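**Student:**
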């Protein structure tokens, strides 16, 4: 068997703490005026945690602290690591990259490092995440990270190759096979 463990998550902005995935971007709009969360999301006063990200991480503690008797695959909506935001040279090969929104800095709202801490406490062999609308399949420090975006219809028109794969993806079967090969192993420093 295998355990599928969902992780509640939210992003941590740089002014909220060291757990942010923030990377500075020249020319960015730090107010994130184009980001809809600032217009459509409001939080009550945080009583049990200082930020929304920490509140959601706290909801995971019961699942993170238990023992599992089979391989664990975890998933979250938000990204667990900064390295997953950007494409690798291998992923960029043969593509012309443009920045359609030069004032928007996705890293401000990408996720938080606390997600990865929980992934590793779980002993997950695979972590699936979403939010960024970019396919990723990487192994970092022994954990395989997969983002398999299905995209909005307008995104599907502009994506090709491994940027967009239609339909579900096999990432693991009970024989232990972990689907298509991941990009090379990466070790964090």
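In my numbering, the protein residues as written are 91 to 279. Note that the Cβ used here is the ideal one computed from N, Cα and C, for glycine as well. Given the structure is predicted, the values throughout are model-derived calculations rather than measurements.
Report the option in 208, 116 and 220 whose CA atom is closest to the CA atom of residue 148.
**Tutor:** Start at 1 with the first residue of the chain shown, and residue 148 comes out as number 58. Comparing Cα positions, the closest option is 208.
**Student:** Could you tell me which residues DSSP pairs with residue 217 in its beta bridges?
**Tutor:** Here residue 217 corresponds to residue number 127 of the chain shown, with the count starting at 1. 164 and 235, per the DSSP bridge assignment.
**Student:** Pair every Cβ in the segment 92–108 with every Cβ in the segment 202–218, then say whether three or more of these pairs are closer than 8 Å.
**Tutor:** Yes, since at least three Cβ pairs between the segment 92–108 and the segment 202–218 fall closer than 8 Å, the two stretches touch.
**Student:** Just to check my reading of the structure: residue 109 and residue 143 have Cβ atoms closer than 8 Å, yes? What is that Cβ distance to the nearest angstrom?
**Tutor:** As a first step, residue 109 is located in the chain shown; it is residue number 19 there, counting from the start. As a first step, residue 143 is located in the chain shown; it is residue number 53 there, counting from the start. That belief holds up - the Cβ atoms of residue 109 and residue 143 are roughly 7 Å apart, short of 8 Å.
**Student:** Where does residue 126 sit, in a helix, a strand or coil, going by DSSP?
**Tutor:** In the chain shown, residue 126 corresponds to position 36, counting from 1. Coil.
**Student:** What are the complete beta strand (DSSP E) segments, minimum 3 residues, inside the segment 128–191?
**Tutor:** 162–166
**Student:** Count the CB pairs spanning the segment 110–117 and the segment 228–240 that are closer than 8 Å, and state whether there are at least three.
**Tutor:** no
**Student:** Residues in the same chain with beta-carbon distance under 8 Å from residue 167, minus the five sequence neighbours each way, listed in chain order, please.
**Tutor:** Residue numbering aside, residue 167 sits at position 77 when the chain shown is read from its first letter. Cβ within range, chain order: 99, 219, 220 and 221.
**Student:** In terms of alpha-carbon separation, which member of 102, 92, 93 and 183 lies closest to residue 200?
**Tutor:** One-based indexing of the chain shown puts residue 200 at position 110. It is 102 whose Cα lies nearest to the Cα of residue 200.
**Student:** Which of the three DSSP states is assigned to residue 265 in this structure?
**Tutor:** To locate residue 265, count along the chain shown from 1; it is residue 175. Residue state, collapsed to three classes: coil.
**Student:** Just tell me which of 170, 138 and 177 has its CA closest to the CA of residue 188.
**Tutor:** Here residue 188 refers to the residue found at position 98 when the chain shown is read from its first residue. Residue 188 has its Cα closest to that of 177, out of 170, 138 and 177.
**Student:** Residue 192 to residue 141, Cα distance in whole Å?
**Tutor:** Sequence index remark: in the chain shown, residue 192 carries index 102 (1-based). Sequence index remark: in the chain shown, residue 141 carries index 51 (1-based). Spanning the alpha carbons of residue 192 and residue 141 requires a straight line of approximately 27 Å.
**Student:** Between residue 198 and residue 112, is the Cβ-Cβ spacing less than 7 Å?
**Tutor:** One-based indexing of the chain shown puts residue 198 at position 108. One-based indexing of the chain shown puts residue 112 at position 22. Contact: yes.
**Student:** Can you give me the Cβ contacts of residue 107 inside the same chain, cut-off strictly under 7 Å, excluding the 5 residues immediately before and after it?
**Tutor:** By one-based count along the chain shown, residue 107 stands at place 17. Closer than 7 Å at Cβ, skipping near neighbours: 141.
**Student:** Whose CA, out of 91, 212, 262 and 240, lies closest to the CA of residue 152?
**Tutor:** As a working note, residue 152 is residue 62 in the chain shown. The residue with the shortest Cα to Cα distance from residue 152 is 212.
**Student:** Nearest-angstrom Cα distance between residue 123 and residue 129?
**Tutor:** As a working mapping, residue 123 is identified with position 33 in the chain shown. As a working mapping, residue 129 is identified with position 39 in the chain shown. Put simply, the backbone Cα of residue 123 is about 8 Å away from that of residue 129.
**Student:** Where residue 72 and residue 190 are concerned, what is the direct C-alpha to C-alpha distance, given to the nearest angstrom?
**Tutor:** In the structure as shown, the chain starts at 91 and stops at 279, and residue 72 therefore has no counterpart that could be examined.
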